[in-house]
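Residue numbers (our numbering): 1415 to 1708. Only one structure is covered here, and it is reproduced in the block below.
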Ligand SMILES: Cc1cc2nc3c(=O)[nH]c(=O)nc-3n(C[C@H](O)[C@H](O)[C@H](O)COP(=O)(O)OP(=O)(O)OC[C@H]3O[C@@H](n4cnc5c(N)ncnc54)[C@H](O)[C@@H]3O)c2cc1C
Ligand code: FES
């Protein structure tokens, strides 16, 4: 047994050995503590509008960057709103101790979030949930991986694809030319990129499913990671099942607590031929494709 962080009435505590880092629940690990997630305020170090209504923020949070995995998310407190807003970790830069998030304005909360500028603080609980498979979790570094994203769903896949660099192919789907985001970031990471647009204004005309089928038929593939709308995820799961390829999907669900305490984000999962209600925040957001009821 190791040292556990002190608990206070609101379950927030401080790391007993260094007394610096604000923590929430924790188990064994560094200093005898394995931290499951942190709660704190962190500085915004970069803000860019990357397309109409879509923003990229760099956030300096060394201890979160150290522990975060692609596919996990941050839960952000937006001024004036009771419930936090979940946003995926798009990229992790351990060297400069930062993470990147990319989000689109969907309602009042995300619109308000864009009032925050470089130098402001952002209140986050992170890193939350389970990420995509990676060499850390047993998927070989040499694996051939295909990431398939639709719209803002491409954001959580950048960090996941970067792990496998030239062994990864990213299939990115958007409505039209002006909606394309992050394609250059994927390319600059050495990832092979296939862009599709619904109207054919750039890349292949149509949805991501045809290039996925073509890629799976052309070369062996070890894993497909996907994020996007539910119909798109359903189609991808079916294609992977037919091709006999493992697939992991990241689900979006309205969230309350973000840490498994309120059941707002419950979803149906089939595991070992049994139906279960699992929490997207705690048990996901990344699930095995064949387990998810889409
Ligand atoms: C694990 C996870 C990761 C996410 N990652 C990203 C990301 O990287 N980038 C990004 O732009 N968005 C992401 N989202 C969606 C984001 O959380 C919502 O867009 C945001 O919470 C909307 O807040 P709002 O106050 O602007 O909108 P609201 O006013 O609350 O709602 C506006 C509209 O968005 C829908 N909506 C609200 N919350 C969610 C939600 N959690 N999931 C699906 N639909 C929702 C509502 O049904 C409504 O139609 C993620 C969601 C989850 C669960
Ligand atoms: S949001 Fe509360 S259990 Fe998932």
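C-beta atoms are modelled at their ideal positions from N, C-alpha and C, and glycine is treated no differently.
Straight-line gap, residue i to residue j (C-alpha atoms, nearest Å)
i	j	result
residue 1532	residue 1596	20 Å
residue 1692	residue 1457	33 Å
residue 1460	residue 1661	33 Å
residue 1432	residue 1482	Confidence is the limiting factor: at residue 1432 the pLDDT is only 43, short of 50, which leaves the residue's position unreliable, though a coordinate-based value still follows. Taking the straight line joining both Cα atoms gives about 20 Å.
residue 1435	residue 1474	Any reading at residue 1435 must be qualified, since the residue scores a pLDDT of 46, below 50, and its modelled position is unreliable; the value itself is stated next. Cα to Cα, residue 1435 sits roughly 14 Å from residue 1474.
residue 1708	residue 1647	8 Å
residue 1455	residue 1492	12 Å
residue 1677	residue 1670	8 Å
residue 1586	residue 1609	5 Å
residue 1689	residue 1680	12 Å
residue 1557	residue 1529	41 Å
residue 1613	residue 1564	14 Å
residue 1668	residue 1579	32 Å
residue 1525	residue 1627	37 Å
residue 1643	residue 1629	21 Å
residue 1645	residue 1659	19 Å
residue 1478	residue 1534	18 Å
residue 1538	residue 1641	22 Å
residue 1616	residue 1606	16 Å
residue 1655	residue 1602	31 Å
residue 1631	residue 1625	10 Å
residue 1639	residue 1546	7 Å
residue 1701	residue 1518	23 Å
residue 1583	residue 1635	10 Å
residue 1550	residue 1633	24 Å
residue 1453	residue 1523	19 Å
residue 1593	residue 1568	12 Å
residue 1686	residue 1466	44 Å
residue 1554	residue 1494	44 Å
residue 1657	residue 1684	20 Å
residue 1653	residue 1588	20 Å
residue 1462	residue 1637	32 Å
residue 1480	residue 1496	28 Å
Beta-carbon proximity of residue i to residue j, cut-off 8 Å
i	j	result
residue 1540	residue 1451	yes
residue 1623	residue 1590	no
residue 1572	residue 1599	yes
residue 1486	residue 1527	no
residue 1464	residue 1536	no
residue 1511	residue 1476	yes
residue 1559	residue 1544	no
residue 1672	residue 1508	no
residue 1695	residue 1674	yes
residue 1698	residue 1665	yes
residue 1562	residue 1650	yes
residue 1548	residue 1516	no
residue 1472	residue 1514	yes
residue 1503	residue 1488	yes
residue 1468	residue 1566	yes
residue 1663	residue 1703	yes
Residue i: first and last residue of the uninterrupted alpha helix (DSSP H) it sits in
i	result
residue 1599	1597-1602
residue 1652	1644-1657
Boundaries (first-last residue) of the beta strand (DSSP E) holding residue i
i	result
residue 1624	Segment 1623-1632 is the alpha helix (DSSP H) holding residue 1624; no beta strand (DSSP E) there.
residue 1542	1535-1542
residue 1528	Counting along the chain, residue 1528 falls outside any beta strand (DSSP E), and DSSP gives it neither H nor E.
residue 1502	1499-1502
residue 1517	1512-1518
residue 1505	1505-1507
residue 1610	1606-1611
residue 1641	1637-1641
residue 1663	1660-1664
residue 1490	1487-1491
Proximity test, residue i beta-carbon vs ligand 3 heavy atom, cut-off 7 Å
i	result
residue 1666	As for ligand 3, it is missing from this structure, which binds only ligand 1 and ligand 2.
- prompt: What residues sit near ligand 2, counting only those whose C-beta is closer than 7 Å to one of its heavy atoms, in chain order?
  reply: 1669, 1670, 1671, 1672, 1673, 1674, 1675, 1676, 1677, 1678, 1679, 1693, 1694, 1695 and 1696
Entirely enclosed alpha helix (DSSP H) segments - the region 1564-1592, minimum 4 residues: For the region 1564-1592, the full-length alpha helix (DSSP H) segments reaching 4 residues or more read 1569-1578 along the chain.
field: Within the region 1682-1708, ranges of the alpha helix (DSSP H) (whole runs, at least 4 residues)
entry: Those alpha helix (DSSP H) runs which fall completely within the region 1682-1708 and span 4+ residues are 1694-1697.
message: Runs of 4 residues minimum, wholly inside the region 1446-1481: which ones carry the alpha helix (DSSP H) assignment?
response: 1476-1481
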